[in-house]
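Structure first, then comments.
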Amino acid sequence: MMKMIFIRMCSGIISAFLISLTLAWWNTTPETEQIVGTYYTTFSGNFWIPFLAMSFIYVIAAVPFSLFIVDGVMYRSRKEGNRLLNFVLQVLLYLCGGIVAYILFVTLLARTIDVRFFNFYALLFSGSAGVAYMLVVKILEYFFVRRTRSIEKGEES
């Protein structure tokens with residue numbers, strides 16, 4: 004259980020790093036295109052603020068959601084066996100989890116429910132952040148859980 008918690012927390016930090024890096028790359032204006040006399044945020048400024056915010060949200064919301072809700076649902080559905088259906092179910096669960104986490108945090112921060120915060124792109128971004136977290140979890144589980152078990156059984160040389 005501790006290994007799974009560690010994998011989920013590392014996945015949250017790695018996902019926050021990757022998404023923040025992508026956002027900083029998109030939002031930073033190169034020096035050759037900057038207009039003189041206009042303030043531009045640096046690459047590190049565009050990186051660190053989203054990274055800290057997303058790391059907090061991933062650790063507070065995504066880790067418990069992944070451990071208790073997704074793993075609980077997937078434990079019951081793995082018995083049926085269809086791997087493609089299980090993967091699609093996981094994508095939908097993490098997509099919905101990202102959207103619910105966004106709605107909860109925006110509502111808590113704004114202390115009100117405002118329709119302007121819930122536009123299509125914000126919901127799409129938060130859902131895709133949940134799916135990115137899922138993919139990082141799967142990659143880390145492959146390398147640290149499944150691969151370790153197969154090496155212990157002697158299946159890999």
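Each number in this note's numbering comes from the position in the sequence shown (counting from 1) with 3 added on. Even glycine gets a Cβ: it sits at the ideal position worked out from N, Cα and C.
Could you check the C-alpha separation between residue i and residue j for me, to the nearest Å?
i      : j      : result
Val118 : Thr32  : 30 angstroms
Ile10  : Val140 : 7 angstroms
Leu112 : Ile8   : 27 angstroms
Cys13  : Pro53  : 17 angstroms
Leu70  : Ile60  : 15 angstroms
Leu55  : Phe46  : 15 angstroms
Thr110 : Gly100 : 15 angstroms
Ile116 : Tyr124 : 17 angstroms
Asn30  : Leu96  : 29 angstroms
Ala132 : Gly48  : 20 angstroms
Met4   : Glu144 : 12 angstroms
Val39  : Asn85  : 59 angstroms
Phe20  : Arg114 : 28 angstroms
Between residue i and residue j, is the Cβ-Cβ spacing less than 8 angstroms?
i     : j      : result
Ile22 : Met57  : yes
Val94 : Val134 : yes
Ala65 : Tyr136 : yes
Leu98 : Gly75  : no
Phe50 : Leu24  : yes
Lys6  : Phe146 : no
Residue i: which of the options sits nearest, CA to CA?
i      : options                    : result
Ile102 : Phe68, Tyr145, Glu34       : Phe68
Val62  : Leu26, Gly40, Ser18, Val94 : Ser18
Phe121 : Ser131, Tyr105, Val134     : Tyr105
Leu138 : Leu107, Phe108, Phe90      : Phe90
Under the rule that 16 or more other beta-carbon atoms within 10 Å means buried, what is residue i, buried or exposed?
i      : result
Ser160 : Caution applies to Ser160, whose pLDDT of 44 falls short of 50 and renders its modelled position unreliable; the value that the coordinates give is listed next. Exposed: under 16 other Cβ atoms inside 10 Å.
Leu127 : exposed
Gly15  : buried
Report yes or no: is there a C-beta of chain C within less than 8 angstroms of the C-beta of residue i?
i     : result
Val76 : Included in the structure is just one protein chain, with no chain C present.
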